[in-house]
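A.B. asks: The opening position of the sequence shown corresponds to residue 401 in our numbering, with each subsequent residue numbered one higher. Backbone N, C-alpha and C define an ideal beta-carbon position, used for all residues, glycine too. Structure incoming, see below.
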Amino acid sequence: MDSVNWDDLRFFTALVECRTVSSASKRLNVNYATVSRRVERLEHTLRQRLFDRTQDGYIPTVEGLILYNKTSLVRENIESLEEYFVQGGKFKKSVIISMVSSLAEYYIIPKLSSFVKRYPEIRLEINISNRNVSIPRKEADIALRLELPEKGEYLSKKVGEIDYKLCAAPEIIEKINKKENVSIITFNSDFSHLPESQYLIRRFGNKSIHFQSNSVTTQRIAAENGYGVALLPSLAIKDSPLVSMELDSPIIRPIWMLTSKHTMQITVSRLVADELQRIFNGMR
């Protein structure tokens with residue numbers, strides 16, 4: 401058997417985690433053909449078929465899974481060493497943080513400014529997403545979520561809480577106090593299961609829905625312009641002209657920080673995670 405090119409393993413593991421050549425090529429910042437060529441060369445070197453090519457993507461064979469598990473520790477050690485052997489002594493990789501838009505826009509981004517000034521060599525990539533990204537597949541290094549994923553290998557830690565308030569223009573609040581009908585501003589049907597959506601429907605009824613958006617900022621702007629009443633995180637309305645009301649049944653959602661053992665072994669990722677924890681400590 402020919403000697404294994406260790407760099408080929410980097411392409412192999414990316415394809416295992418991403419499942420498609422296009423996704424793997426984007427992660428590695430190379431073209432589509434390079435990923436295919438490197439994986440095929442590794443299969444030829446090992447004389448093993450490492451993937452089943454299917455309509456759903458590249459599915460690792462038993463031999464592929466064995467190789468992936470055996471190379472994971474080697475890869476983690478190499479990535480840890482990269483911090484100390486990059487050109488100019490600067491950190492090589494960025495830290496990808498996934499979070500919902502309300503956390504990013506109204507809390508995390510403003511609070512991270514001092515960290516960015518302190519560590520200008522660290523590149524942060526903020527991924528705004530409502531879906532549960534995969535930490536094991538490296539879709540993000542750190543994820544901030546308001547609910548835990550149903551499955552997946554990750555480390556989870558509760559770092560804070562978000563409370564919600566009914567808010568609207570003064571004339572809308574006056575109608576609510578007089579028990580008059582009002583329109584509601586809420587998420588679309590994809591997020592109708594959320595506690596805030598359920599509360600609005602339970603209190604005002606389905607027929608009251610007149611404006612929907614999956615953006616908290618858009619909901620806030622709609623409320624400020626008199627479209628109706630919204631149920632928004634308190635942190636999103638601190639500097640708003642909206643009038644707020646306490647809920648008859650409080651909604652408080654936990655904030656979870658999701659990482660992995662591997663993520664926390666990388667100095668730059670650990671620095672960012674520690675800073676996020678410090679920021680949330682200040683929320684209490």
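Can you grab the Cα-Cα spacing for the pair Met657 / Met499, in whole Å?
C.D. replies: Approximately 9 Å, taken between the alpha carbons.
A.B. asks: Are Leu631 and Ala569 close, meaning C-beta to C-beta below 8 Å?
C.D. replies: Their beta carbons are not under 8 Å apart, which means Leu631 does not touch Ala569 by this criterion.
A.B. asks: Just the Cα atoms here: how many angstroms apart are Thr618 and Phe587?
C.D. replies: Answer to the nearest angstrom: the Cα atoms are 10 Å apart.
A.B. asks: Name the DSSP beta bridge partners of Ala543, please?
C.D. replies: Answer by DSSP bridge pairing, in chain order: Ser498, Leu658.
A.B. asks: Taking Glu553 and Pro536 to be in contact with their CB atoms under 8 Å, please state how far apart those CB atoms are, rounded to whole angstroms.
C.D. replies: Yes, they are in contact, since the Cβ atoms of Glu553 and Pro536 sit about 5 Å apart, within 8 Å.
A.B. asks: Just verifying my parser: in three-state terms, what is the DSSP assignment at His610?
C.D. replies: Three-state result, His610: strand.
A.B. asks: For Met683, count neighbouring Cβ atoms within 10 angstroms of its own Cβ and tell me buried if that reaches 16, exposed if not.
C.D. replies: Flag for Met683 reads exposed.
A.B. asks: What is the C-beta distance between Thr434 and Ser425, in whole angstroms, given that I count them as a contact (C-beta under 8 Å)?
C.D. replies: Yes, they are in contact, since the Cβ atoms of Thr434 and Ser425 sit about 7 Å apart, within 8 Å.
A.B. asks: Inspect the beta-carbon positions of Phe604 and Ala622 and report whether they are closer than 8 Å.
C.D. replies: No, the pair does not count as a contact, with Cβ atoms beyond the cut-off.
A.B. asks: In this structure, does DSSP put Val559 in helix, strand or coil?
C.D. replies: Correct three-state label for Val559: strand.
A.B. asks: Does DSSP classify Ile508 as helix, strand or coil?
C.D. replies: Ile508: helix per DSSP, three-state reduction.
A.B. asks: Are the CB atoms of Ser501 and Ala615 within a distance shorter than 8 Å?
C.D. replies: What sits at residue 615 in the sequence shown is Ser, not Ala. Yes, these two residues count as a Cβ contact at 8 Å.
A.B. asks: Using the Cβ count rule (16 or more neighbours within 10 Å means buried), how would you classify Ser472?
C.D. replies: That one is exposed.
A.B. asks: According to DSSP, simplified to helix, strand and coil, what is Glu521?
C.D. replies: Correct three-state label for Glu521: coil.
A.B. asks: The beta strand (DSSP E) that contains Ile666, what's its start and end?
C.D. replies: Note, Ile666: premise wrong, no beta strand (DSSP E); not H, not E.
A.B. asks: Alpha carbon to alpha carbon, how far is Tyr599 from Arg410? Give it in angstroms, no decimals.
C.D. replies: Those two C-alpha atoms are separated by around 47 Å.
A.B. asks: Would you mind working out which of Thr454, Thr667, Arg545 sits nearest Ser556, comparing C-alpha positions?
C.D. replies: Among Thr454, Thr667, Arg545, the Cα nearest to that of Ser556 is on Arg545.
A.B. asks: In terms of residue numbering, what span does the beta strand (DSSP E) encompassing Asp452 cover?
C.D. replies: It spans 451-454 - the beta strand (DSSP E) in which Asp452 sits, taken as one unbroken run.
A.B. asks: Quick check on the burial criterion: 16 or more other C-beta atoms within 10 angstroms. Buried or exposed for Tyr432?
C.D. replies: Per the 10 Å Cβ criterion, exposed.
A.B. asks: Can you check DSSP and say which residues form a bridge with Arg537?
C.D. replies: According to DSSP, Arg537 bridges with nothing at all.
A.B. asks: Apply the 10 Å Cβ neighbour rule to Leu465 and answer buried if 16 or more other Cβ atoms are within range, or exposed otherwise.
C.D. replies: Its Cβ having fewer than 16 others within 10 Å, Leu465 is exposed.
A.B. asks: May I ask you to list the residues that DSSP assigns as paired with Gly457?
C.D. replies: Gly457 pairs with Thr454.
A.B. asks: Give every residue of the same chain whose Cβ lies closer than 7 Å to the Cβ of Asp456, excluding the five residues on either side of it in the sequence, and list them in chain order.
C.D. replies: So the list is empty, once near-sequence residues are dropped.
A.B. asks: Using beta-carbon positions only, say whether Val668 and Val516 come within less than 8 Å of one another.
C.D. replies: The answer is no: Cβ separation not under 8 Å.
A.B. asks: Near Ser640, which residues of its chain fall below 7 Å by C-beta distance, leaving aside the five closest residues on each side in sequence?
C.D. replies: Arg620, Glu624, listed in sequence order.
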